[in-house]
Each structure stands twice: as C-alpha cells, then as structure tokens.
Amino acid sequence: MPRRKAAPPAEDQSAESAPHLAFDPAEFSARLAHWFKHNARDLPWRNIRDPYATWLSEIMLQQTRVATVIERYVEFLERFPTVTALAEAEEADVLALWSGLGYYRRARMLHRGAQFVLREFDGKLPRTSHELRTLPGVGDYTAAAIASIAFRERIAAIDGNVERVINRVLGWPEDRSTKARAALQQVAQSLVPPLLSPRSKANPPGDHNQAMMELGATVCTPRSPLCLQCPVVEFCQTRGEHITAPRAKQKSRTVAYLLAIRKRGTSTEVLLHKRDAQQSLMANMLELPPLPMEAVAEREPTLRLRHSITDTSYYVQIFTESAPGVPPHHDPDVIDEYHDELVVATPDDHVDSSELLPQIAASAEALQWHNTKLLALLPLTGLARKALQRSGVMLVPRPTLAGLPPLE
DNA sequence: TATTCGTGGTG
DNA sequence: TCACCAAGAAT
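The first sequence begins at 1 in UniProt numbering and counts up one residue at a time.
Below you can see the structure in the form of structure tokens.
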C-alpha cells in the first residue's frame, strides 16, 4: 500500500488558526493519555526531575533506538552527572562515552551546549522552548520535548513517530514540504492538552508528547501497525499503513584496514589512526589505519565484516599483522584466555617485517600505538570498535545484569 | 531545500 | 539476504 508518490495536503489544512478536525482533540488526547498511563514502558529517563538528564536523553534518542540508548544513557550520566561536569570534561572523553552511538556531532554539540549553559544560564537549563532552541544541537523537536517534559510547557514535540501517527490519523500522505509540515504542526499543537491547575503536579503536555511517540514506536509502527491495540483507532482515517515517499537507493563500497599488533614490555598495543579534525565524518575519532585497496589486492583478509553508514554499505576487509607469537585472530569464546596470553608478552617484540604497515594511507603523525587494555577509554569509531572486538583484541563488554531476574 | 551525518535491529 | 529506518540538526 505505501511506496507511492506523495501529494500535498489540501489548501485549507494549512490554515493559520486551529485546524478543523473530524474529532474532538480533547477526546483524542484523553484516550491517548489513558492508554499511556497503562502501557508506558519503564525507561530510565522517565519519572526523573533533572532537566539535564532529560536533555541528555533527548539528544541520545535522536535517530537512535531506545534499546541502544538505555545503557549508554546510564553510563554517561554516571560519568558526567551534571552540566558542570560535562562542560569541564575533555571532548575526547565525551566522545569515548559516545563511541558506537553514531552521529558524533551530537556529542560535540552536547559538550559545547553544556559549556554554553554554564556561561549563559549559570549552569541551569533555560525553561522555555524558545530559549532551549538556542542551545547547540537543539532543534525544534528537542526544544519542545525538553520544555514540555521537564518544564511542562504546552508545546507539541514532533518527531518521526508523531509525524507518522498524525498523517495516518488524518489520512495524509508523507510530505516533507514546508507547507505540509506547518499543517501537521498545527494539528499536533491542537492535540496537546493544557495544564490542569497551577497546583497540580501532573504534566499533561509532557505526558502527551511522550504518549504520541510511544504510540508511534510500539503500536503505530512504520510497517504492520497494530491497529487492534490502538487507543485512537476510532479517530483514524487510515487504520493501516499510509502512503510514503520512495527512499534513496543503497550504494556499496569495499574498504580495507590494517590491524597491527605489537608488544611493549608486559602490554600489548594496537596501531590506531586519528581522523583529521577537519573531517566531516567522525572527526577526531580513532580508527584502524586505512589501507588503499591496491595494497591489498590478491590478499586474503583475516576478517571480513559489513558496516553500513546511512545509504552506503561498506564491505570491510581487515588485514592483521602482528609480532611473532601473537595470534592474528582468535575465537571470541576465548577472549579472556587470549588477554592473559597477551599480558605475558616477550619484551621488545615488534612489527619489524611488516609489508602492509608502510602502505597505510595516512600521515605518520596521525598514527599512534595504544595499549589494548585502555581501548574502552578511547573515542573509537563504531567500525573500529567492532573490528577490535571481533578479532579478540578488545574485550567485549559484559552484558549488564541489571533488570534481569535473580538467579535461582 | 536537499544532503550529510552512524549504527544496528527487523521483517 | 537486504531494504528500511529510528524520540533530528546543521549546513
């Protein structure tokens, strides 16, 4: 049913005043609120009273799945519990905690944002969406989300979920034009319930925004929506998937990296390349040294993996060169033994007969040996992290036991 | 306004 | 397997 060319909504839908709806907005939001009260997931950033934590959660959640964010959010808050702590941190340390989450600009903006808040707002987040919008990395959605959730402002937060829910309810096709977005914004705003009374501790606007997103994430899903479980199905024109625009086609590329290992005294080191600060992609982050494809022609990689970045699939080949005695590749099941083995290293072993080392497509200043035991503290790219873990050089983090039932 | 930013789960 | 796309923002 989807996959058709989008048509603009009718003219009268973009009116400036409150849009005419085929149902009562108060009834809609009441149904939604009741559903949310009984179906809200228990997430770490819910029921907290720290605007900084709400801010952090909203930045992390940008284009990132809830399940992915949960652990990182807790870890980040422990390391940087306040605006001040974050503002005073080194960017590399912030990036290290963000490693693997992607969209690293978010981490840099958040870091700069904390410094901005410390300087301009005395370390306390501004309380209005208008002022929040001035923070680096905070756009319309995030400003509205923080203002409504942390400060109970009556403003609609419109993310991909909300957009999809409203389009389906009204039977509108996907349309990202300015006019269509303004129309959708009007509708979204008209659905946000007001505060009950100045004395009530409840937060109808914040709960409503979260409920709309929750509905989109768990019921009104992009494909195969669960309309039988939907609290607002009776208001819905579509009751199923709506018309969406076609996506860009996926490209693919083959790339190669060097995994060079050496020993220094009792420690083992791996060679990493620091990406240039001017790079638009993952600036200042550490990766495995890149190899030109010509250098590895005819060679068989020690490890192959696939890694996709937005609309490009990378077929990644890893070529290992290591000091004598260091296994080039290990079974992930024996990682602990492998590390024990590496600690008992032969002094002064080094990669002296390397063929690929001189072929690295990077300047020597950007290359540095790093102790494998400290890799978790470094701002590694997701791909580097994945390659280092799969090859047994970097310890795979233990799954957390929090939230699991106790052992009998 | 259209692109560019990462990564991983999912059907 | 593979296309899809997630609590968007900046440029």
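Where a beta carbon is used, it is the ideal one built from N, C-alpha and C, also for glycine. Because the structure is a prediction, the values reported are computed rather than measured.
Reduced DSSP secondary structure (H/G/I, E/B, other) of residue i
i	result
residue 396	coil
residue 166	helix
residue 418	The structure shown does not extend to residue 418, since the chain spans only 1 to 408, so no value can be given for it.
residue 309	strand
residue 83	helix
residue 358	helix
residue 161	helix
residue 209	helix
residue 337	Annotation note: pLDDT 34 at residue 337 (below 50); position unreliable, no value reported.
residue 198	coil
residue 218	helix
residue 204	helix
residue 385	helix
residue 297	coil
residue 245	coil
residue 391	coil
residue 234	helix
residue 374	helix
residue 226	coil
residue 364	helix
residue 123	coil
Buried or exposed (CB count within 10 angstroms, at least 16 for buried), residue i
i	result
residue 384	buried
residue 179	exposed
residue 273	buried
residue 308	exposed
residue 216	buried
residue 379	buried
residue 86	buried
residue 32	buried
residue 266	exposed
residue 368	exposed
residue 388	buried
residue 104	buried
residue 293	exposed
residue 195	exposed
residue 20	exposed
residue 208	buried
residue 159	buried
residue 37	exposed
residue 177	exposed
residue 249	exposed
Continuous beta strand (DSSP E) stretch holding residue i: start and end
i	result
residue 273	267-274
residue 369	367-371
residue 254	251-264
Continuous alpha helix (DSSP H) stretch holding residue i: start and end
i	result
residue 29	25-39
residue 20	Segment: none, residue 20 is in no alpha helix (DSSP H) and carries neither H nor E.
residue 75	66-79
residue 174	Counting along the chain, residue 174 falls outside any alpha helix (DSSP H), and DSSP gives it neither H nor E.
residue 190	178-191
residue 98	91-98
residue 116	105-120
residue 140	140-151
residue 465	Nothing can be reported for residue 465: it is not among the residues displayed for the chain, which extend from 1 to 408.
residue 129	129-132
Those residues which DSSP pairs with residue i across a bridge
i	result
residue 316	255, 305
residue 380	286
residue 291	256
Distance cut-off 6 Å: residue i Cβ against heavy atoms of the ligand GDP
i	result
residue 121	Ligands are entirely absent from the displayed structure, and the ligand GDP is therefore not among its contents.
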